[in-house]
Amino acid sequence: MSTTEAGHPALAFLNTVTDDGKTRAANSFADGEALLAQLLATGAVPRGLPVPGGRQMAEAVALREAAYAVLSAMAAGRKPGREDALTLETAIKSALQDASLAFGPRGLTLSPGPLGGLQDHLVLALLDLLLRDDLDRLRECRRCTHLFLDHGRGRGRRWCAMARCGNRAKTEAFRARQRAAGG
Ligand SMILES: [Zn+2]
Numbered sequence: 000m001s002t003t004e005a006g007h008p009a010l011a012f013l014n015t016v017t018d019d020g021k022t023r024a025a026n027s028f029a030d031g032e033a034l035l036a037q038l039l040a041t042g043a044v045p046r047g048l049p050v051p052g053g054r055q056m057a058e059a060v061a062l063r064e065a066a067y068a069v070l071s072a073m074a075a076g077r078k079p080g081r082e083d084a085l086t087l088e089t090a091i092k093s094a095l096q097d098a099s100l101a102f103g104p105r106g107l108t109l110s111p112g113p114l115g116g117l118q119d120h121l122v123l124a125l126l127d128l129l130l131r132d133d134l135d136r137l138r139e140c141r142r143c144t145h146l147f148l149d150h151g152r153g154r155g156r157r158w159c160a161m162a163r164c165g166n167r168a169k170t171e172a173f174r175a176r177q178r179a180a181g182g
């Protein structure tokens, strides 16, 4: 999934699952190299980070799932679960503790500190997302768990991407109508 479809690099990170239901059981990457490549492609992390090892991968996936749980609840207008919210809060505070702050004409820029690795980059990307003023446009795909910012007009976008979920949902609805009509 591209950043354009999700609307923010942090969402592209949360969307690194491939199952087309609500299980989030399958990752879109097989190893650290593939994860890093996907995050690079969506702009969630800069070039030059070391390939994450097993522990860093587990950390990133744990962060992803806690952040997904929180944002999924926000998209649905629900209060996030306490444990997930706390996990995300702790991660944000920890990344901020080590972050570098730059005060420029356009405001504050946060970047990971000198020792900051993949996790810090991901957390700060999530913080950037969470502070956006268009977060009321956050939606979850009707079919899968991918999240996106919906800036379309009209009744709104229902699918993460036409190619991934929209077309299949339409085909299923069409078949269901045919079955009903042929009945
Ligand atoms: Zn979808």
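All residue numbers for the sequence shown refer to numbering that gives the first Met the number 0, where the first residue is 0 and numbers rise by one.
Where is the CB? At the ideal position from N, CA and C, for every residue including glycine.
TODO: Spell out the partners DSSP gives residue 26 in its beta bridges.
DONE: Taking the sequence shown and counting its residues from 1, the one referred to as residue 26 is at position 27. Partner(s): 16.
TODO: Rounded to whole angstroms, what's the CA-CA distance from residue 140 to residue 95? Just pull it up for me.
DONE: On the sequence shown, residue 140 is found 141 positions in, with the first residue counted as 1. On the sequence shown, residue 95 is found 96 positions in, with the first residue counted as 1. Residue 140 and residue 95: Cα-Cα distance of roughly 31 Å.
Task: Any 3 or more C-beta pairs closer than 8 Å across the segment 9-17 and the segment 138-152 - done: yes
Open item on the list: Could you check whether residue 107 and residue 9 sit closer than 7 Å to each other, using their CB atoms as the reference points?
Closed with: The residue given as residue 9 occupies position 10 in the sequence shown. The residue given as residue 107 occupies position 108 in the sequence shown. Going by C-beta atoms, residue 9 is not nearer than 7 Å to residue 107.
- [ ] Verify the contact flag: residue 142, CB atom, against every heavy atom of ligand 1, threshold strictly below 6 Å.
- [x] Numbered from its first residue, the sequence shown carries residue 142 at position 143. The answer is yes for residue 142.
Task: Neighbourhood of residue 44 by C-beta distance below 6 Å, restricted to the same chain and skipping five residues each side - done: Within the sequence shown, residue 44 is the residue found at index 45, counting from 1. 38, 120.
- [ ] With distances taken Cα to Cα, identify the nearest neighbour of residue 183 among 89, 76, 137, 153.
- [x] Residue 183 is absent from the model: the chain starts at 0 and stops at 182.
TODO: Would you kindly check if the distance between the Cβ of residue 50 and the Cβ of residue 76 is under 7 Å?
DONE: Position 77 of the sequence shown, counting from 1, holds the residue named residue 76. Position 51 of the sequence shown, counting from 1, holds the residue named residue 50. The answer is no: Cβ separation not under 7 Å.
- [ ] Excluding the 5 residues preceding and the 5 following residue 71 in the sequence, name in chain order all residues of the same chain whose CB lies nearer than 6 Å to its CB.
- [x] Position 72 of the sequence shown, counting from 1, holds the residue named residue 71. Taken in chain order, the residues that qualify are 139.
- [ ] Have a look at residue 63 and residue 155 and give me their C-alpha separation to the nearest angstrom.
- [x] As a position in the sequence shown, residue 63 is number 64, starting the count at 1. As a position in the sequence shown, residue 155 is number 156, starting the count at 1. Cα to Cα, residue 63 sits roughly 26 Å from residue 155.
Task: Local Cβ density within 10 Å of residue 68, reported as buried at 16 or more and exposed below that - done: Here residue 68 corresponds to residue number 69 of the sequence shown, with the count starting at 1. Burial call: buried.
Open item on the list: Pop quiz: residue 98 and residue 79 are said to be a contact at Cβ under 8 Å. What is the actual Cβ separation, rounded to whole angstroms?
Closed with: Position 99 of the sequence shown, counting from 1, holds the residue named residue 98. Position 80 of the sequence shown, counting from 1, holds the residue named residue 79. The Cβ separation is near 23 Å, so there is no contact.
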